[in-house]
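Here the structure is laid out as structure tokens; the discussion comes afterwards.
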Amino acid sequence: MNARLLSRLLTGLVLASFGAGAAQAAVELYKPGGANDPHLRAARFLGEDKRHFSALTELLKLQAESEGRPVAASQFPWLLADNYLSFGLRERADTVYRGMANAASSDPVQYGRAQLKLAQFEYTRGYLPEARATLLKMRDGLPSELLLEWQDLTARVLMAMGKDAEAVEVLTEPKNGSDQSDFTRYNLGVALLRDGRTEQGRTVLERVGNLDPTDRDSLALMDRANMTLGWNFLQNQQGAVARPLLRKVRVEGPYSNRALLGLGWAELTEDGKRARRANVNDGGDDRAADRFGSFSTLGVLLRRGLIEDDPVRQRTFRRIEGASDREEALKAALPAWLILVDRDPQDPAVQEAWLAIPYSLDQIGAHDQARAFYEQAVERLEVARKRTNLAIDALRTNRMVETIVKRDLDAESGWNWELKDLPDAPETYYLQTLLAEHRYAEALKNYRDVRLLARNLDAWDKRLSDMEKAYTTADRASVDPRMLFSQATEAKPVERPRIKIELRPESSLSPPGRYRKPLAGGAAVRPQLQLADAPKVQNFVGTYERIGQMRQRLASLRPSLARIGDEQGRYLQRLGTVELKAQKDQIEKYLVEARFALARLYDRQTGSNDPDEYEIKKK
């Protein structure tokens with residue numbers, strides 16, 4: 048019996064101690080400014096949720112409460128700098144990062160990632176010299192885990208600056224080509240072509256063009272590599288090599304229009320010399336089972352899935368001579384161009400196909416069909432020019448930008464914000480390529496952030512108005528002043544209860560002015576008195592007074608935000624207007640050529656043998 052009782056007691060004690068330990072563990076104690084501080088935990092959550100403005104508010108509140116002392120949590124400066132940078136405040140983030148330079152020895156990987164993020168921000172915002180300086184500064188002592196990411200970003204920065212030879216050196220010196228991503232290999236191939244090392248660049252692009260695609264990004268990369276390589280051969284009069292490369296590009300895809308246009312011209316181009324391979328000697332396996340892949344324009348793949356090339360800068364329509372069997376070549380070129388006829392009318396590749404088709408028909412003797420296609424081209428180009436003019440007028444109203452901003456009104460993602468869909472506006476249709484470029488996207492982010500801050504000021508203005516109204520119009524009953532006075536004076540605590548002062552009557556005191564006896568010790572010495580300054584008036588600062596101070600701060604911030612927002616809006620309009628005017632100029636050039644070719648056809652039908660202006664200039 049005693050054994051059972053003892054067993055029960057021991058079991059109860061164990062359970063009681065376990066329960067007490069669990070209860071103690073359930074209570075999370077934190078030190079203000081420590082790792083478990085609610086402000087810090089809230090900021091971490093908000094930052095991961097891409098609400099960087101709110102995260103900064105929590106972090107700065109925690110910093111203010113520390114009263115000048117450094118916050119104890121080791122992650123505080125990292126969170127502060129990351130959210131500063133994510134919200135687009137590069138200078139403040141850089142200041143915090145510089146203050147954490149000593150932390151590089153304790154956690155070099157985290158510090159290296161922070162520097163890479165800073166360089167990525169500088170690159171996308173167009174601060175290329177600053178990005179290059181940041182990347183080169185961190186080259187010594189770079190952790191091996193970050194080498195590939197550093198190579199990729201550094202090469203893109205150098206290529207954007209036109210320093211292709213340096214980009215090639217960065218990508219080939221460590222001899223780690225087999226570890227690099229396919230996107231990095233594409234950039235290496237383009238850099239080699241730009242630097243004049245054509246055979247090596249073609250070898251690298253050949254491998255990228257023969258990838259086994261696993262997703263849409265790799266499919267687009269493969270198409271781009273094949274188009275880039277194919278157009279490179281085409282520009283060097285090697286049509287026989289360019290044709291299979293351009294045929295490998297998907298008929299429906301971001302690069303299909305330019306590939307189809309190039310395929311048609313490749314049929315009219317001389318076969319040229321046979322292509323040769325060259326080893327890059329960077330540790331990568333650039334051997335491929337198939338022949339060379341293909342080409343686009345020689346632009347850098349700045350971001351996955353985006354077309355960074357400016358379509359207006361494409362090669363204009365020109366007649367290519369030298370095919371061995373000209374009539375058969377012209378017939379072979381037509382199918383690829385006919386696919387383009389009903390595609391995007393604002394794409395220069397499609398517009399060039401409108402002129403290339405009647406040119407080929409005229410060359411093979413189908414003059415009536417050629418005239419019909421030229422007339423159709425003139426009509427479509429006129430419509431395109433008219434729509435471009437309407438888009439320019441609509442762009443001045445800033446409707447497209449305002450629609451984009453309103454679709455994601457309260458997002459605080461700052462630099463991490465991305466444009467996910469396009470508004471239904473006529474100018475949007477003609478600016479798709481511009482909208483995908485860094486220069487426009489970053490300017491749009493700045494405009495969004497300014498509007499976000501302006502709305503934040505409006506929200507604070509409303510809160511202050513509500514507080515002011517509640518303070519001044521409080522529904523309180525009137526109170527008799529005598530009652531207030533009695534309440535203030537009654538039950539007043541005695542300051543010094545142990546000291547008892549009693550008043551007693553004194554009858555021997557002389558009335559004032561009667562006592563004339565000289566003072567002992569002679570005449571009194573009057574002290575030198577100095578008048579002190581009047582004490583400074585300390586105004587009472589209560590709720591109502593603080594509301595007034597905050598209103599003054601709001602009033603001082605509003606004009607600055609309005610000015611910055613107007614400037615950023617005008618900058619976005621200028622970017623769009625320049626883009627649309629460039630498209631309009633290209634359309635007008637095609638219009639002149641189409642009308643001139645149509646006039647020559649009419650002259651030929653009328654039997655006129657007089658030399659025209661074009662023939663005179665040729666002579």
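Residue numbers (my numbering): 48 to 666. Idealized CB from N, CA, C, for every residue including glycine. Computed from a prediction, not measured in an experiment: that's the story for all the values here.
Query, Result
"Comparing alpha-carbon positions, which option in 189, 503 and 477 lies nearest residue 435?", "477"
"Mapping DSSP to helix, strand and coil, what is residue 466?", "coil"
"Quick one: using the 10 Å Cβ neighbour count with 16 as the cut-off for buried, is residue 176 buried or exposed?", "exposed"
"I need the DSSP call for residue 509, collapsed to helix, strand or coil.", "helix"
"Of the residues 317, 273 and 287, which one's Cα is nearest the Cα of residue 297?", "273"
"What does the alpha-carbon distance come out to for the pair residue 624 and residue 185?", "40 Å"
"Between 648, 312, 381 and 460, which has its C-alpha nearest residue 712's C-alpha?", "In the structure displayed, the chain extends from 48 to 666; residue 712 sits before or after that span and is not available."
"In terms of alpha-carbon separation, which member of 651, 122 and 97 lies closest to residue 414?", "651"
"Figure out for me which residue from 391, 428, 451 and 504 has the closest Cα to the Cα of residue 491.", "451"
"Measure the C-alpha to C-alpha separation of residue 230 and residue 598 and round it to an integer number of angstroms.", "52 Å"
"With DSSP collapsed to three states, give me the class of residue 181.", "helix"
"Assign residue 613 to buried or exposed, taking buried as 16 or more other Cβ atoms, counted over all protein chains shown, within 10 Å of its Cβ.", "exposed"
"Is residue 215 buried or exposed, if buried means 16 or more other CB atoms sit within 10 Å of its CB?", "buried"
"Exposed or buried, residue 649, counting other C-beta atoms within 10 Å across all chains shown (16 or more means buried)?", "exposed"
"Using DSSP with H/G/I as helix, E/B as strand and the rest coil, what is residue 483?", "coil"
"To the nearest angstrom, report how far apart residue 333 and residue 123 are at their CA atoms.", "Low local confidence applies: a pLDDT of 49 at residue 333 is under 50, so the model's placement there is unreliable, with the coordinate-based value given in what follows. The alpha-carbon atoms of residue 333 and residue 123 are separated by roughly 46 Å."
"For residue 181, which residues from the same chain have a beta carbon less than 7 Å from its beta carbon, with the 5 sequence-adjacent residues on both sides left out?", "162, 165, 166 and 169"
"In whole angstroms, give me the CA-to-CA distance for residue 209 and residue 173.", "14 Å"
"Residue 649 by DSSP, collapsed to three states: which one?", "helix"
"Does at least one heavy atom of the ligand MN sit under 7 Å from the Cβ of residue 438?", "The ligand MN is not among the ligands present in this structure, which contains no ligands whatsoever."
"Return the Cβ separation of residue 4 and residue 594 in integer angstroms, given the expectation that the two are a contact with Cβ distance under 8 Å.", "Since the displayed the chain opens at 48 and closes at 666, residue 4 lies outside it and no answer follows."
"To the nearest whole angstrom, what separates the beta carbons of residue 511 and residue 622, a pair I think is in contact under 8 Å?", "Wrong, their Cβ atoms sit about 37 Å apart, outside the cutoff."
"Got a sec? Which residues, its chain only, sit under 8 Å from residue 611 by beta carbon, not counting five neighbours each side?", "497"
"Could you give the first and the last residue of the continuous alpha helix (DSSP H) run that contains residue 206?", "194 to 207"
"Within its chain, find whatever has a CB closer than 7 Å to the CB of residue 387; leave out the 5 residues flanking it on each side and keep chain order.", "304, 307, 308, 396, 397 and 400"
"Tell me, to the nearest whole angstrom, how far the beta carbon of residue 179 is from that of residue 204; I am working on the premise that it is less than 8 Å.", "5 Å"
"Within its chain, find whatever has a CB closer than 7 Å to the CB of residue 374; leave out the 5 residues flanking it on each side and keep chain order.", "411"
"Could you tell me which of 121, 133, 483 and 85 sits nearest to residue 112, measuring between CA atoms?", "85"
"Three-state secondary structure (DSSP) at residue 392?", "coil"
"Report the three-state DSSP secondary structure of residue 577 (helix, strand or coil).", "coil"
"So residue 133 and residue 99 are supposed to be a Cβ contact under 8 Å. How far apart are they, rounded?", "5 Å"
"What's the C-alpha gap between residue 484 and residue 207?", "13 Å"
"Roughly how many angstroms lie between the CA atoms of residue 212 and residue 221, to the nearest whole one?", "15 Å"
"Please state whether DSSP places residue 488 in a helix, a strand or coil.", "helix"
"Less than 8 Å separating the beta-carbons of residue 420 and residue 408?", "yes"
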